[in-house]
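Structure record follows, encoded as structure tokens.
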Amino acid sequence: MANNIKVIIQARTGSTRFPGKVLKELCGKPILWHVWNRICYSKKVDDIIIATTILPEDDSIQAFCEEYNIPFYRGSSDDVLSRYYEAAKKYNADTIIRVTADCPVIDPTVIDHLIYSYLSEKVDYMSNGMVRTFPRGLDAEIFSFEILEHVFNKAKHDYEREHVTPYIYRHPELFSLKNFLNTDDLSFHRWTVDTEEDFALIKFIYDALYHKKEIFLLEDILKLFAENPDLIKINQHVEQKKLGE
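Numbering follows our numbering, with no gaps: position 170 of the sequence shown is 170.
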């Protein structure tokens with residue numbers, strides 16, 4: 001199970017609140033590049049795949065992948081579960097980490113700790129999002145291809161197909177689940193990009209940290225917030241969309 005760990009980044013240009021966000025630039029590079037580049041610094045991930053849609057609007061994501069020589073798969077826009085399954089099958093993933101493309105401060109050390117914990121605990125599914133203690137934007141889920149294949153065959157509801165993993169954590173009687181907890185509750189921080197306000201905050205973070213330390217980590221951002229306590233106000237009013245919205 002541990003010999004072929006692949007991150008699949010879910011990416012599309014369509015967004016109801018902030019269209020084209022994944023290709024918006026931070027310090028001269030698209031958000032999607034930063035997500036990919038940061039995960040490249042993981043010590044435990046074997047490969048990174050971008051899973052986008054077959055919609056013409058996402059030709060730009062394919063072009064991006066080709067420019068940077070990143071493996072990609074194009075599949076259903078609505079049935080994201082099938083997109084993940086087919087991408088994992090195409091690239092022979094044994095263990096899959098699910099990340100979304102709107103998380104440009106994803107922390108490779110958090111991913112590595114998640115992988116270590118998952119392999120040590122020997123559970124079917126582990127996430128740092130079932131009970132939130134990490135900032136939103138550092139989200140990651142990990143599971144085996146066998147579990148993904150089971151869910152692909154069994155999940156019937158639209159929201160289960162669109163959001164990939166709800167079938168797993170809605171059926172704790174079928175799967176062993178484990179939440180990956182941070183030592184401190186930092187869930188009040190919002191470091192994902194769904195709106196212009198979110199982007200303004202992330203741009204401030206990048207402008208302050210990126211040129212000093214390309215792969216800045218969770219503790220670096222927390223230090224920046226301690227030095228600039230009003231930062232949290234930039235997007236604290238933004239509500240996270242519920243599953244199915």
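Just so you know, even glycine gets a beta-carbon here, dropped at the ideal spot from N, CA and C.
On a predicted model such as this, the values are computed, not experimentally measured, just so you know.
Item	Value
Proximity below 8 Å, CB of Ile111 to CB of Ala87	no
Simplified DSSP state of Ser120, which is helix, strand or coil	helix
C-alpha distance - Thr192 paired with Gly20, whole-angstrom precision	14 Å
Within 8 Å, strictly: CB atoms of Ile147 and Leu114	no
The beta strand (DSSP E) enclosing Glu160, as first and last residue numbers	Taken as a continuous stretch (DSSP letters only), Glu160 belongs to no beta strand (DSSP E), being part of the alpha helix (DSSP H) at Asp158 to Glu162.
Cβ-Cβ distance between Ala101 and Ile31 below 8 Å	yes
Glu25 - DSSP class collapsed to helix/strand/coil	strand
Contact set for Asp79: own chain, Cβ-Cβ below 6 Å, skip 5 residues either direction	Arg161
Other residues of its chain near Ser60: CB distance less than 8 Å, five sequence neighbours each side excluded	Thr13 and Leu23
Close Cβ partners of Arg132 (< 7 Å) along its chain, the five nearest in sequence each way excluded	Ser187
Rounded Cβ spacing between Met130 and Asn179 (contact assumed at less than 8 Å)	5 Å
Bridge-paired residues (DSSP) for Ala63	Paired residue(s): none; Ala63 is not in a bridge.
Residue environment, Ile96, which counts as buried when at least 16 other CB atoms sit within 10 Å	buried
Backbone CA spacing between Asp47 and Gln10 [nearest angstrom]	14 Å
CA-to-CA distance, Phe204 to Tyr210, given in whole angstroms	10 Å
Span of the beta strand (DSSP E), counted from its first residue to its last, around Ala51	Asp47 to Thr53
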